[in-house]
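Numbering follows numbering that gives the first Met the number 0, in which position 360 of the first sequence is assigned residue number 359; successive positions increment by one, without gaps. From the three backbone atoms N, C-alpha and C, an ideal C-beta is built for every residue, glycine too.
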Amino acid sequence: MLKQKILEDLKRVVSDLGYPSGDIVLSISKNPTFGDYSTNLALQLAKLTQGSNKQTPKEIAKKIVNKLGGLSYLEKAEVAGGGFINFFVKPEDLANDLHEVLKEGEDFGKSDINKGKKARVEFISANPTGPLHIGNARSGPLGDVIANILTSQGYEVLREFIDNNVGEQVKALGATIKAKLHGNLAEENQYQGEYIDELVKHLEADIENLSDEETGSLAVEMMHEEIMADSHAMGIKFDLVVHESELRKEAAEIIDELKKAGVVKEKDGALWLAPNDEFLKDRETVIQKSDGGYTYFTADIVYHKQKFQSGADPIIDIFGSNHHGHVPRLQAAVSALGFDPGKLKVVLYQYVRVKRGNIVVKMSKRAGNFITAREVLDEVGKDAFRFYLLRFAPQTHMDFDLELLKEESSKNPVFYVQYAHARMANILNKVQVNKIQESSVKSQEVDFAQLNNTSEINLIKHLLAFPDLVTELALNLAVHQLTEYAINLADLFHKFYENCPVLQAQNDLREARLSLVEASRITLANTLKFLGVSAPERM
RNA sequence: GUGCCCGUGGCUCAACGGAUAGAGCACGAGAUUCCGGAUCUUGAGAUUGGAGGUUCGAGUCCUCUCGGGCACGCCA
């Protein structure tokens, strides 16, 4: 593709001129006066020159441009203000790359550069002591899309969920249920909401002679099913559900290993993870309680050992921000076990604040003091739910406005994007798209040089940037940029649609525009597929 | 008290350390004999919470400070 050609030529010139090689960033110019593509290469290189060799960015940029000389695909390359190099390409060479998009179709954006590698993504992992709440739900689409992106780049990905089906919270839930059953609910029974009544109703026949813990176990099993169903409603399916009760069976073993690694100490009758680490020295954590029981943390160490032993890299955990203290301890533990903590990538996300207009919604009948994912999902639908939660960087504290997502749904960006797809599909449905696609692929007859309108060129540039974006997302996991990309694509398409009649155009121009529509549809559909949002042909 | 995250137009949010800080919503003015107006064009609206610093260049990095969220040993 054209962009790769520019990069290759730049690389060659940098090497010829004796500058150090490194990654070159070539981005789409924001402003037409800056050409089609631009690079800050000279500014980066200037940083590396020293002493008597010290050169200004502008000097370097000029050398590079001179050395590049005339290239067949370039109208010109010029040095701008601070030392940026701007490339003005020939539209026909740019447009010609559309053949690639049509050829690759559903695979456009995919790559096999990570073929043979494994990755694991753990997400949601909601505590099964209650329904899935909207806060945890944010990690659903997030983890799912990260997994989609990794898969697209060749990784064999495992989507996983840990079911915390044992521990103090299970006893507490059991106690609450029994108290409710006997009509003596007290302050110390921490769980509330109608779902407790539902659990009582379902379980009352069985729990009369059971302990709090046994009662809690039954309840937690039911809640886990519900959480799985909710996840499914969000479009998520897990490959692996790990039950904490299973992990705890290996707790004694893992503690032995940690002891051998010299990171365990005894204090107040309990065992603590106590790595010899400046940062962690005041943050020791209990791995075996004084009563002999284990903690969630112990189970999580077992779990992560399994993850590392599976050979996966990266190992991705999506945690709510309230777990941030857990991260350095976990890293310390896996490091003590001899694994490379660099393979563990933790994405922390902030909780979502639900609003109805200007009013913050906190309470829910079903769940007591939080809003369930299901309530929001039922109200706004899967597509809007996923798209909205995926729009913003995970570390931002975002607001989820039910008014915006439901009552003003036509103004929601997800509909804007889906409408663009429906428009594309509509045009293509009026001609026999398959014929066109086939002919364009097989005979390469379509003459994309016909496309030289600004709105056409802008759209083409955006389409061609897709594979690079996906590759980058597999590394930085910033999948919210995918929604941004989709909105921009829809925007550029709508503008093209206004300016350039497709079906009324004549001969070669009509063919070229139809192919551009098809390339746009392919790219948008692929983007939406990564997002797990439907791409409707009609709305 | 300590640690982590956030602070960007009226609102919700973008922006690998890069050029004139971008979108959408809301608000003002326009566009439809024509592929779906769920669209497009255009206007107004921002000392990026504040103060210093680092450098060719800071919304982004460092220090301090203000405001909000979260977490701080036998919970998960």
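*In whole angstroms, what separates the C-alpha of Val478 from that of Phe318?*
Here residue 478 corresponds to residue number 479 of the first sequence, with the count starting at 1. Here residue 318 corresponds to residue number 319 of the first sequence, with the count starting at 1. The alpha-carbon atoms of Val478 and Phe318 are separated by roughly 16 Å.
*asked:* Under DSSP, the beta strand (DSSP E) around Thr526 begins and ends at which residues?
replied: Numbered from 1 along the first sequence, position 527 holds the residue referred to as residue 526. Not the beta strand (DSSP E): Thr526 falls in the alpha helix (DSSP H), residues Asn506 to Leu530.
*asked:* If you reduce the DSSP assignment to three classes, tell me which class Lys441 lands in.
replied: For this step, residue 441 is matched to residue 442 along the first sequence. At Lys441 the pLDDT is 47, less than 50, meaning the model places this residue with poor confidence; the figure from the coordinates comes in the next sentence. It is helical.
*asked:* On the CB-based measure, 16 or more other CB atoms within 10 Å of its CB, does Gly531 come out buried or exposed?
replied: Stepping through the first sequence from its first residue, residue 531 is reached at position 532. It is buried - the Cβ of Gly531 has at least 16 other Cβ atoms within 10 Å.
*How should Asp398 be labelled, buried or exposed, when 16 other C-beta atoms within 10 angstroms of its C-beta is the threshold for buried?*
Numbered from 1 along the first sequence, position 399 holds the residue referred to as residue 398. Exposed: under 16 other Cβ atoms inside 10 Å.
*asked:* Rounded to whole angstroms, what is the Cα-Cα separation between Asn39 and Glu74?
replied: If you number the first sequence from 1, residue 39 lands on position 40. If you number the first sequence from 1, residue 74 lands on position 75. If I take the Cα positions, the gap works out to 19 Å.
*Determine the DSSP secondary structure at Lys264, reduced to helix, strand or coil.*
The sequence position of residue 264 within the first sequence is 265, counting from 1. Looking at Lys264 - three-state DSSP - the assignment turns out to be strand.
*Who are the near neighbours of Leu343 in its chain, counting only those whose CB is closer than 6 Å to its CB and skipping five residues on each side?*
Here residue 343 refers to the residue found at position 344 when the first sequence is read from its first residue. Excluding sequence neighbours, Leu343 sits near Ile314.
*asked:* Let me check understanding here. Comparing Cα to Cα, which of Ile286, Lys288, Arg328 and Gly341 lies closest to Phe307?
replied: Translated into positions along the first sequence, residue 307 becomes position 308. Minimum Cα distance to Phe307 is reached at Gly341.
_When you compare the region 158-166 with the region 234-254, are there three or more beta-carbon pairs, one atom per stretch, that lie closer than 8 Å?_
yes
*Leaving out five residues before and five after Leu198 in sequence, what residues of the same chain have Cβ atoms less than 6 Å from its Cβ?*
Mapped onto the first sequence, residue 198 falls at position 199. Excluding sequence neighbours, Leu198 sits near Ile176 and Ala218.
_Just to confirm my understanding: we take Tyr194, look at its own chain, exclude 5 residues before and 5 after, and list those with CB closer than 7 Å. What are they?_
Residue 194 sits at position 195 when you count from the first residue of the first sequence. If we look at Tyr194 and ignore the five residues flanking it on each side, its Cβ neighbours are Gly129, Pro130, Arg365 and Ala366.
_Judging by CA-CA distance, which residue of Met233, Asn451, Ala419 and Val333 is the nearest neighbour of Asp507?_
Reading the first sequence from its first residue, position 508 is the one you call residue 507. Measuring from the Cα of Asp507, the nearest candidate turns out to be Asn451.
*Among residues of its own chain, excluding the 5 on either side of Leu141, which ones have a beta-carbon nearer than 8 Å to its beta-carbon?*
Translated into positions along the first sequence, residue 141 becomes position 142. Excluding sequence neighbours, Leu141 sits near Phe122, Ile317, Val346, Tyr348, Leu388, Leu389, Pro393 and Val478.
*Can you list, in chain order, the residues of its chain whose CB lies under 8 Å from that of Ile112, leaving out five sequence neighbours each side?*
Indexing the first sequence from 1 puts residue 112 at position 113. Same-chain partners within the cutoff: Gln152, Gly153 and Thr470.
*What whole-angstrom Cβ distance do Ser230 and Val169 have, given they're in contact under 8 Å?*
The residue you call residue 230 lines up with position 231 of the first sequence. The residue you call residue 169 lines up with position 170 of the first sequence. Not a contact, Cβ separation roughly 20 Å.
*Among residues of its own chain, excluding the 5 on either side of Ser442, which ones have a beta-carbon nearer than 6 Å to its beta-carbon?*
Looking up residue 442 in the first sequence gives position 443. With a pLDDT of only 45 at Ser442, under the threshold of 50, the placement of this residue in the model should not be trusted; the figure read from the coordinates follows. Closer than 6 Å at the Cβ level, and outside the excluded window around Ser442, lies no residue.
*Report yes if the CB atom of Ala118 is closer than 9 Å to the CB atom of Val144, and no otherwise.*
Position 119 of the first sequence, counting from 1, holds the residue named residue 118. Position 145 of the first sequence, counting from 1, holds the residue named residue 144. No, they are not a contact pair.
_Gly319 - containing beta strand (DSSP E), residue span_ = On the first sequence, residue 319 is found 320 positions in, with the first residue counted as 1. Its beta strand (DSSP E) spans residues Ile314 to Gly319.
_Span separating the alpha-carbon of Val445 from that of Ile59_ = Counting from 1 along the first sequence, the entry for residue 445 is found at position 446. Counting from 1 along the first sequence, the entry for residue 59 is found at position 60. When rounded, the distance between both Cα atoms is 40 Å.
*Quick check: the region 410-430 against the region 378-386, are there 3 or more CB pairs under 8 Å?*
yes
*What did DSSP end up calling Gly356 once you bin it into helix, strand or coil?*
Here the question's residue 356 lines up with position 357 in the first sequence. It is coil, neither helix nor strand.
_Phe447, DSSP secondary structure in three states_ = For this step, residue 447 is matched to residue 448 along the first sequence. Phe447: helix per DSSP, three-state reduction.
*asked:* Closest to Ile546 by C-alpha separation, out of Gly104, Gly81, Ser28 and Lys2, would be which residue?
replied: Here the chain covers residues 0 to 538 and nothing more, so residue 546 does not appear.
_Spatial neighbours of Ala146 in its chain, beta-carbon cut-off 7 Å, leaving aside the 5 residues before and after_ = By 1-based counting over the first sequence, the position of residue 146 is 147. Excluding positions up to five away in sequence, the list reads Val120, Val156 and Arg158.
*Under the DSSP definition of a beta bridge, which residues are partnered with Leu67?*
The sequence position of residue 67 within the first sequence is 68, counting from 1. DSSP, once it has assigned bridges, lists no residue as partnering Leu67.
_So the candidates are Ile254, Leu209, Ala171 and Pro466; which of them puts its Cα closest to the Cα of Gln191?_
Residue 191 sits at position 192 when you count from the first residue of the first sequence. For the residues Ile254, Leu209, Ala171 and Pro466, the minimum Cα distance to Gln191 belongs to Ala171.
*asked:* Spatial neighbours of Asn188 within its chain, please: C-beta separation below 8 Å, excluding the five flanking residues on both sides.
replied: For the purposes of this step, residue 188 is identified with residue 189 of the first sequence, where counting begins at 1. Taken in chain order, the residues that qualify are Ala171, Ala174, Thr175, Ala178 and Lys179.
*Since Glu283 is in the beta strand (DSSP E), which residue starts that stretch and which ends it?*
Counted from its first residue, the first sequence places residue 283 at position 284. Glu283 -> no beta strand (DSSP E), and no H or E assigned at all.
*Taking 9 Å as the cut-off, decide whether the C-beta atoms of Asn485 and Val430 are in contact.*
In the first sequence, residue 485 corresponds to position 486, counting from 1. In the first sequence, residue 430 corresponds to position 431, counting from 1. The question names Asn, but residue 485 is Ala in the sequence shown. For Ala485 and Val430, no; Cβs fall outside 9 Å.
*Drop a sphere of 10 angstroms on the beta-carbon of Met538, count the other beta-carbons inside from all chains shown, and report buried for 16 or more, exposed for fewer.*
Here residue 538 is taken as the residue at index 539 of the first sequence, counted from 1. Classification for Met538: exposed.
_At least three beta-carbon pairs within less than 8 Å, the region 284-294 to the region 260-274_ = yes
*Close Cβ partners of Gly81 (< 7 Å) along its chain, the five nearest in sequence each way excluded*: Taking the first residue of the first sequence as 1, we reach residue 81 at position 82. Same-chain partners within the cutoff: Leu42 and Pro56.
*Span of the alpha helix (DSSP H) around Lys170*: Indexing the first sequence from 1 puts residue 170 at position 171. Here the alpha helix (DSSP H) through Lys170 covers Glu167 to Leu180.
_Other residues of its chain near Tyr295: CB distance less than 8 Å, five sequence neighbours each side excluded_ = Counting from one through the first sequence, the residue named residue 295 turns up at place 296. Counting only Cβ-Cβ distances below 8 Å, and skipping sequence neighbours, we find Asn163, Gly166 and Glu243.
*Provide the residue span of the beta strand (DSSP E) that contains Leu270, from first to last.*
Mapped onto the first sequence, residue 270 falls at position 271. Note, Leu270: beta strand (DSSP E), Ala269 to Leu272.
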